[in-house]
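Participant: Got a structure for you, questions after.
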Amino acid sequence: MKNAVGRDIPDFLLQGGREVFQGNNYKDGAIYTKPGPTVRAAVKPEESKILPSIRDAIELCGLKDGMTVSFHHHFRDGDYVVNMVVREIESLGIKDITIAASSLGDAHDPLAAMIESGVVTGIQTSGIRGKIGDAVSNGKLKGRAILRSHGGRVRAIEQGELHIDVAFIGAPTSDEYGNARGKGGKSDCGVLSYSVADAKYADHVVVITDTLVPFPNLPPSIDGVDVDYVVVVDEIGDPKKIASQALRMTQDPRNLMMAENCARVMAATPYFKDGFSFQTGAGGPSLAVNRFLESIMTERGIKMRWALGGITKPTVDLLNKGLINCVADTQDFDVASVQSVHSTPGHYEISTSQYANPVNKGAFVNKLDFVILAALEIDVDFNVNVVTGSDGVLRGAPGGHPDAAGGAKCTIIVAPLVRGRIPTVCDRVVTVTTPGESIDVLVTDYGIAVNPSRPDLADALVSAGIPLVTIRDLKMKAYSIVGTPDDVEFDDRIVAVMEARDGTILDVVRQVKKFDLDISDAGVFDFKIV
Amino acid sequence: MAGTCEVTSDPKKRLRRTMLFLNAQRPSLMKDAYIYGPDSVILDLEDAVSENQKDAARFSLYNNLRSIDYGTVERIVRINGLDTPHWPEDVRASVAGGADGIRIPKCERACDVKRIEAAIEDAEREFSREPGCTLIMAAIESPRGVLNALDICESSERLFGVAISGGDFRAAMRTKYYPSGVEMASARGNVLLAARAAGVQCFDTVFTNLDDMDGFRAEVIMNREMGFDGKSIVNPRQIAIVHEIFTPTDKEIREALRVVRALRQNADEGVGVFLVDGKMIDAAFLSGAEHTIALARASGVLGEAL
Amino acid sequence: MDIKRGAVSGTLESSDVQVTIEPAANGIWLELSSSVMNQYSRQIRQVVLNTLSNLGVERANVTVVDRGALDSTIKARVECAVFRASEWEGAIPWQGLVK
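Residue numbers (this note's numbering), protein chains in the order written: chain A, 565 to 1094; chain B, 119 to 424; chain C, 508 to 606.
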C-alpha cells in the first residue's frame, strides 16, 4: 500500500493495526491508554540496591531469551555501557535479545558480532551506523530493525508498542538508592533526557555508574523510586569522546556561505522577531548559523526567548551574552554545554517526551519557530533522508530531525548541492526519514528553494531581496554537474522499518544487493571490478 | 533609470574587483569556485603546480575550460614564466580550451608581453579562435618591472591590466609584509600611475594570512582609496569583504547618476561646464561616474539607491 | 597511441581519480574501484573507454581508483596518463586527439 510520501509498504507489515504514513497530523485526537510497568515492591528500609556486578543485575532482573533491554546514547562514541551489558548477556548464554537504544554509534561495533551469533536478534534505535549498519543492511539481523526518531521512540514506549523488560541506564552520578544525574562524576554528560521514559516504563531498571555519591543526589534526572538496582563499575565511558572539546567553527567557505544565507532566510521571515525560538543541529553549516544570527539579532535589537535540543557552545555563548532567555536541553555535545546545564541560570534539562513525543500534550518542538537541519539527500518533493548512504547502507540517524521538522513553523535544510560526486538534491531519496510536508526551505550552495506548500515564506524571502530557485532546478543543476545517478539496487528482504513519528510506516530499508556491473556490452574489453 | 548609463561591453574594461587564484591541478577547487561569485578566477599553472605535474595540470585546465560552465565569471590562466620551458604549451592549452585571458607572471619588459602575444596569435589561428579574443594581464613582481610599468601597460592591444605581485617584490627590496603597506608603497604608486596613464586596470597583490581578516580589510580599504580596480585573492572567504569595500555608498551612486544625467543633458544643449550640487562638473567626470554606477550595478545596490 | 611504459596520473584526494596505465599484449584491461560505485561505475567506465578510444589506445592495462571525480577530471587524468605512458614529445594535439 502506498503511503503519503509515495512509498510502497508491503501488506505483511500492516498486520495488527499497523498503518502506513498518512500525513503528519493523521493521529491527532487518537485515544490511547498508557501501559504500566510490572514492578517489584522494595519495602524494607534496610535493603540495599547496590549489586556487585552487572551480571548479578541481569540475573536478579530475570532477563531471559527473547526479552528487550534498553540503553541511552548520552555517552555518544565514548559509551562503554552497551558493550559491557551485552557481553554479560552473551556469557550468561541468553540469546534472541532486542536492543532498544535511543541511538547506537561507532562505539557499538562489537554488537555486529552479537548479531551474527544470534545473541541480538532485534534492534530498535534512532542511529545505526558502522559495523551494525553493515550487518543489518547485509541481512545478518534475524528480525527487522525498527528506526524511530527520538520523539517516536518515547511515543512507542508511552503507547506500549515498545515494552522494555530491563532498562540499563549509565549515569555519571548516582546515590545508593538510584537517584541518578547526568551532571558530575568522571563521565559527565550533562543530562539524561533520553532515559527518563525508560525508567518510568521498564519493568526493571538498573543504574550503572562509576561515581557513587552520598544520598540524596538532587535533583535527579532518573528518580530512585523507579530504580531496582545500582551497579558501580570502574568506568562507564571515555570522557574525551562523551563531550567534545570546543567544536571549531567551520572555516570552509562553502559552509560559511550556506550558513550566512540561512541566517538571511531566517531574518526575512515573519517569525524572526523578539522572543523567537530556535533549534539547530551540530553539523558544520548548521552550527555556523549561530555566528551570523548573532550579528543580525544585535543589529535589529532582538533576543531569542528559548533554544531547544542538542546543545553546543555557540548556544551557551548566546545564553551567557543575554541573547537567549532560556535553553531547554536534551543532549550535550561539548564540554561547554555539559558545564553550563544546571549551572547557568536559564539552562534546563528536559526529558525526550517533553522534547518531541508527538502524541503527548506538550511537546516543545511544537512551539519552535525555526529549526536548522542537515540532509544526506533531499528529493524534489522535499522528502529528506538522513539514515542511508548513497550505497543504500544504513549509516545515520533520524534523531530529532523528523520531530523538530514536524513541529517547527519554519524548517530549513542546509546542505551542499553535491558531495563529491553524489547529488544531495535528487529525484527520489533512498529512504524517507522526514516527510517533505515538514520541510519549508532548502538552502544550498547553488541557491535557495522554498517548498511550494509555503507561498507565504516564498513571498517574504522575495520581498527581502533573496533570489529563489525551484528544487527541480536545483536537482537539474546537480545532475548536470555529476551526471544522472544509477538507482541503488536492493534485494527484496526488508531489513529495517522506518517509522514516522506517530508510529505509522514511513519507509522500509531493504537488504543491499552485492554490486554487479553488467559487462555484457564490454565487447573486446575485459573488465574487472575491484 | 534603465538606459541612462550602460555597463561597458568592452571585455577589457569589465569589472574585476576580485580575481580568485585556483590551483589548476586540484579538481575539488576548480569544479565550482564560481558559486562564490568572484568577478574573475585565475586558474594557476605556475606556483601552485609542482614541476613534475605541469603536464597533468594542463590536461585538467583544458578539460575544465571546455566542460565547466563558469557563467559570467571570467576565466584567466596564469601560465608559467618566460624563463621556463612550460609557457608555450601553457598558452596553447589555454587558447585551445577557450580561456578569456592569460596572466603573465614575472613580467619585466614590454617585449615579454610581445612574446606571449605572438604565441597567443599563433594559438588562436591554430585552434580557430576569434583573433584577439584572448586578453592579457601582466603581473609585475620585480623592481625592474615596476620601473618599466608604463611600457608594459602600453605594450599590447590585448592587455587589460597589470597586477602587482608582492612576494617576489618584497624579497627583491629586502623587506617583508608590514601592516602599514609602506614596503609596497613604491610599487603600488608607480604601477598604479602607469596603469592610469595607459588607461588599463590595476590590481593589488594577494593577502595570504587568512587568520588576519582585519589586516585584510585594512589593506582592501587602502587599495580602494588609492584607486585600484581590484585585488588578487587566495580564498573565497575574501570575496565578500572586497566587494563590500568596493561597493559605492548610496550617496556616491546618487551623485554619479546626477553627473551622468547632467552631462548628457548639457551635451545635448552644447554646454561644457556646469554645476551639480554646487560642484563644477565637466566631461572629465564622466568615466569616473560611469565606473561608480557600474560598480553599484555589479554589487546589486543600484536599485536601492534610486 | 602505443603504451610504452607504465605511467600514473591523478591523486587519491576527494573529487580526484588516480589512473595507472601499463603496456598490455592485447586489448584493454580495466580495473575500476570507486567511492561512488553503485551510482556511477557505468558512467566512469564509459568515460575511461571513450577517452582511450579517442586517443587511439588499443592495448593497455588500466587501473582506475576513483574518489568521486567528475567526468571532465576522469578524462583529464586518463589523457595525462596515456601521454606520459606513450612517451609523447612535442606539442599536445589539443582539439585533436585530445577532444
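Cβ atoms here follow ideal geometry from the backbone N, Cα and C, with glycine treated the same way.
Does the stretch 561-571 of chain C come close enough to the stretch 537-549 of chain C to have 3 or more Cβ pairs within less than 8 Å?
Facilitator: yes
Participant: How big is the Cα-Cα spacing for D1056 of chain A and I1030 of chain A?
Facilitator: Those two C-alpha atoms are separated by around 45 Å.
Participant: Specify the secondary structure class of K931 of chain A as computed by DSSP and reduced to three states.
Facilitator: helix
Participant: Less than 8 Å between the C-beta atoms of V646 of chain A and I661 of chain A, yes or no?
Facilitator: no
Participant: Output, in chain order, the set of chain A residues within a Cβ distance shorter than 7 Å of P354 of chain B.
Facilitator: The contacting residues are P817.
Participant: Thinking C-beta only, is A241 of chain B closer than 8 Å to R210 of chain B?
Facilitator: yes
Participant: Just the C-alpha distance for K1092 of chain A and S522 of chain C, rounded to the nearest angstrom, thanks.
Facilitator: Residue placement at K1092 of chain A is flagged as unreliable, the pLDDT there being 45, under the threshold of 50; the coordinate-derived value follows with that caveat. Going from the Cα of K1092 of chain A to the Cα of S522 of chain C covers about 22 Å.
Participant: Can you tell me whether Q903 of chain A is helix, strand or coil according to DSSP?
Facilitator: helix
Participant: Note down, in chain order, each residue of its chain lying with its Cβ closer than 6 Å to the Cβ of Y765 of chain A, except the 5 sequence neighbours on either side.
Facilitator: Spatial neighbours of Y765 of chain A in its own chain (CB-CB distance under 6 Å, excluding positions within 5 residues in sequence) are listed in chain order as P601 and I721.
Participant: What's the C-alpha gap between D790 of chain A and Y644 of chain A?
Facilitator: Here the alpha carbon of D790 of chain A sits roughly 23 Å from the alpha carbon of Y644 of chain A.
Participant: According to a CB-to-CB cut-off of less than 7 Å, which residues of the stretch 159-171 of chain B neighbour chain C?
Facilitator: none
Participant: Quick one: which residues of the stretch 1045-1069 of chain A get their C-beta closer than 9 Å to a C-beta of chain C? List them in chain order.
Facilitator: I1045, V1046, G1047, T1048, P1049, D1050, D1051, V1052 and E1053
Participant: Tell me the rounded alpha-carbon separation between L604 of chain C and L328 of chain B.
Facilitator: 42 Å
Participant: Starting from K747 of chain A, trace the beta strand (DSSP E) both ways and give me its first and last residue.
Facilitator: No beta strand (DSSP E) holds K747 of chain A; DSSP gives it neither H nor E.
Participant: For a contact meaning CB atoms closer than 8 Å, what does Y1043 of chain A contact in chain B?
Facilitator: By Cβ distance, chain B contributes nothing, its closest Cβ being about 14 Å from Y1043 of chain A, past 8 Å.
Participant: Do D898 of chain A and V755 of chain A have their beta-carbon atoms positioned less than 8 Å apart in this structure?
Facilitator: no
Participant: Compare the C-alpha of S751 of chain A against each of A:I728, A:D798, A:D670 and A:P803 and name the closest.
Facilitator: A:P803
Participant: Check whether the Cβ atoms of C826 of chain A and V853 of chain A sit closer than 8 Å, and answer yes or no.
Facilitator: yes
Participant: Start and end of the alpha helix (DSSP H) containing S681 of chain A?
Facilitator: L675 to S681
Participant: Classify T1008 of chain A as buried or exposed, calling it buried when 16 or more other Cβ atoms lie within 10 Å of its own Cβ.
Facilitator: Result: buried.
Participant: At which residues does the alpha helix (DSSP H) containing R640 of chain A begin and terminate?
Facilitator: R640 of chain A -> no alpha helix (DSSP H), and no H or E assigned at all.
Participant: Examine chain A for any beta-carbon lying closer than 8 Å to the beta-carbon of A588 of chain C, and answer yes or no.
Facilitator: no
Participant: Starting from the N-terminal side, write out each stretch of the alpha helix (DSSP H) that is 4 residues or longer and does not extend beyond the stretch 1042-1082 of chain A.
Facilitator: none
Participant: Starting from S579 of chain C, find everything on chain B with Cβ-Cβ shorter than 7 Å and list it in chain order.
Facilitator: N181, N182, S185 and I186
Participant: Examine the ligand SAH and report whether any of its heavy atoms sits within less than 7 Å of the Cβ of S593 of chain C.
Facilitator: Absent from the structure shown: the ligand SAH. Ligands present: none.
Participant: Just verifying my parser: in three-state terms, what is the DSSP assignment at L656 of chain A?
Facilitator: coil
Participant: In the DSSP assignment, find the beta strand (DSSP E) that holds E529 of chain C and state where it starts and stops.
Facilitator: V524 to E529
Participant: Indicate the three-state DSSP secondary structure (helix, strand or coil) for Y295 of chain B in the structure shown.
Facilitator: coil
Participant: Please compile the residues from chain A whose C-beta is within a distance smaller than 8 Å of the C-beta of I153 of chain B.
Facilitator: R818, M821, D1009 and Y1010
Participant: If we ignore side chains and look at the alpha-carbon of each, how far apart do R227 of chain B and E259 of chain B end up?
Facilitator: The C-alpha of R227 of chain B lies about 11 Å from the C-alpha of E259 of chain B.
Participant: Who are R114 of chain B's beta bridge partners in DSSP?
Facilitator: Absent from the structure is residue 114 of chain B, since the part of chain B shown begins at 119 and ends at 424.
Participant: Cβ atoms of T844 of chain A and I936 of chain A: under 8 Å apart, would you say?
Facilitator: yes
Participant: Does DSSP put Q918 of chain A in a helix, in a strand, or in coil?
Facilitator: helix
Participant: Could you spell out the range, first to last residue, of the beta strand (DSSP E) harbouring L138 of chain B?
Facilitator: Per DSSP, the unbroken beta strand (DSSP E) holding L138 of chain B starts and ends at T136 to N141.
Participant: Which runs of the beta strand (DSSP E) spanning at least 3 residues fall entirely within the stretch 919-997 of chain A, listed in chain order?
Facilitator: 934-937, 941-943 and 974-978
Participant: Determine contact between the stretch 695-712 of chain A and the stretch 616-630 of chain A, defined as no fewer than three beta-carbon pairs at a distance below 8 Å.
Facilitator: no
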